[in-house]
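Reading the sequence shown from the start, the letters are residues 1 to 278 in my numbering.
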Amino acid sequence: MSGAEVMRIAAFADGDGGGNPAGVLIADALPDAATMQRIAAEVGFSETAFATRQDDGWRVRYFSPESEVPFCGHATIALGAALALAQGDGVFALILNEAKITVEGRSTGGVLSAALQSPPTRSAPAPQALVDEALALFGYSRADLDPRLPSALVHGGADHLALALRSREALASMVYELDAGRALMRRAGLVTILLAHAETPGRFHTRNPFASGGVYEDPATGAATAAFAGYLRDLGWPHGGDIEVLQGVDMGCPSRLRAEIPAEPGSSIRVSGRARLM
1 MSGAEVMRIA AFADGDGGGN PAGVLIADAL PDAATMQRIA AEVGFSETAF ATRQDDGWRV
61 RYFSPESEVP FCGHATIALG AALALAQGDG VFALILNEAK ITVEGRSTGG VLSAALQSPP
121 TRSAPAPQAL VDEALALFGY SRADLDPRLP SALVHGGADH LALALRSREA LASMVYELDA
181 GRALMRRAGL VTILLAHAET PGRFHTRNPF ASGGVYEDPA TGAATAAFAG YLRDLGWPHG
241 GDIEVLQGVD MGCPSRLRAE IPAEPGSSIR VSGRARLM
């Protein structure tokens, strides 16, 4: 790897704090999968992004401490910030395992920011049996769900189950057993379960259990935010063209994400936020 070192960058920071820590390793060549998995486990963050030049862009793979995932939003934001520091501001083409996307990285006046364009989005109603199993996992009942936002399987580069809750208090009370969550998510093919509460049509509070990757909860989840934004478009929700997502508050790690939602069904979602070196 020619002496490449893992950078540690918090993505979707709220001001000078918060955000979701990610590892970023930019190397002359990608290590083998076993080595990347070991490095991700040693770094210990929910995701580490590995990148190397390929053609006119960057080949990227993402690893959690326990598994590889096809797409990770906060690690992509961290990578965009790292590329801006190394290459200068710009839009960088990324080649993922299953998609091609871009990330724009900026470093202005000492402030790092990035914006990703997600893979295409799609959504579908969630099977009731899966919803009931997820509700039982968290100790919720059907009465806790917001009927305006039916439970759904959502995708924006990775698969998630989206459950909308009636109250902010129910969201704050989230608790579950990691092993049971891991078994459910892996059996159902879910990367995370997205729990959301609509404060207004354009402002959401979310939490993201990531047991499939061995992580109890992520403080900021760009991939799930992109998938959820695509779902809101499919639903005809009055989002007004963009949404603000506040995440990580209940973890003491406040994070802020913005998702821009174009009108075309299934099209990419632009998810942006600040980043900070750790």
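Backbone N, C-alpha and C define an ideal beta-carbon position, used for all residues, glycine too.
Once you ignore the five residues that flank residue i on each side, which residues in its own chain have a CB closer than 6 Å to its CB?
i, result
"ASN208", "THR192, LEU194, ASP218, THR221 and ALA224"
"THR52", "ALA27, ALA29, LEU30 and ARG59"
"PRO265", "none"
"ALA164", "ASP146, LEU149 and ALA196"
"TYR216", "LEU178"
"MET185", "ALA211 and SER212"
What are the start and end residues of the alpha helix (DSSP H) that includes residue i?
i, result
"LEU195", "Counting along the chain, LEU195 falls outside any alpha helix (DSSP H), though it belongs to the beta strand (DSSP E) covering 192-200."
"MET7", "Note, MET7: premise wrong, no alpha helix (DSSP H); beta strand (DSSP E) at 7-13."
"THR225", "222-235"
"LEU126", "With the sequence shown as reference, residue 126 is identified as Ala, and Leu is not the correct amino acid for it. From DSSP, ALA126 is part of no alpha helix (DSSP H); its letter is neither H nor E."
"LEU4", "Reading off the sequence shown, one finds Ala at residue 4, where the question assumed Leu. Premise fails: ALA4 is in no alpha helix (DSSP H) and is neither H nor E."
"ALA188", "178-188"
Which residue comes first and which comes last in the beta strand (DSSP E) that contains residue i?
i, result
"VAL111", "111-117"
"ILE101", "100-108"
"ALA275", "270-277"
"ALA152", "152-155"
"GLU306", "The question about residue 306 has no answer here: the residues shown for the chain are numbered 1 through 278."
"SER255", "255-260"
Please return the same chain residues whose Cβ sits closer than 8 Å to the Cβ of residue i, not counting the five positions on each side in sequence.
i, result
"ALA172", "ASP250"
"GLY240", "PRO201 and GLY202"
"ILE261", "ALA229, GLY230, LEU232, ARG233, HIS239, GLY241, ASP242, ILE243 and ILE269"
"ARG258", "ASP242, ILE243, GLU244, VAL245, VAL271, SER272 and GLY273"
"ALA136", "none"
"ALA84", "GLY90, GLY105, ARG106, SER107, LEU112 and ALA114"
"SER2", "Reliability fails at SER2, whose pLDDT of 42 lies under 50, so the model's placement of it is uncertain and the value that follows must be treated cautiously. Closer than 8 Å at Cβ, skipping near neighbours: ALA27 and ASP28."
Starting from residue i, follow its DSSP beta bridges and name the residues at the other end.
i, result
"ILE26", "ALA51"
"LEU282", "Outside the shown range of the chain, which is 1 to 278, sits residue 282, and nothing can be said about it."
"ARG38", "None; ARG38 has no bridge partner."
"VAL131", "Beta-bridge pairing links VAL131 to no other residue."
"PHE204", "ALA198 and VAL245"
"ASP218", "ASN208"
"HIS160", "VAL154 and THR192"
"GLY17", "ASP14"
Between which residues of its own chain and residue i is the CB-CB distance below 7 Å, once the five residues before and five after are set aside?
i, result
"ASP14", "PRO254, SER255 and ARG256"
"ASP55", "none"
"THR206", "LEU194, LEU195, ALA196, VAL245 and GLN247"
Report whether the distance from the Cβ of residue i to the nearest heavy atom of the ligand NAP is below 8 Å.
i, result
"GLU264", "With respect to small molecules bound, the structure shown includes none, and the ligand NAP cannot be examined in it."
(message) At 3 residues or longer, what runs of the beta strand (DSSP E) sit wholly inside the region 48-98?
(response) 57-63 and 90-95
Touch check for the region 172-182 and the region 86-96: three-plus C-beta pairs under 8 Å?
no
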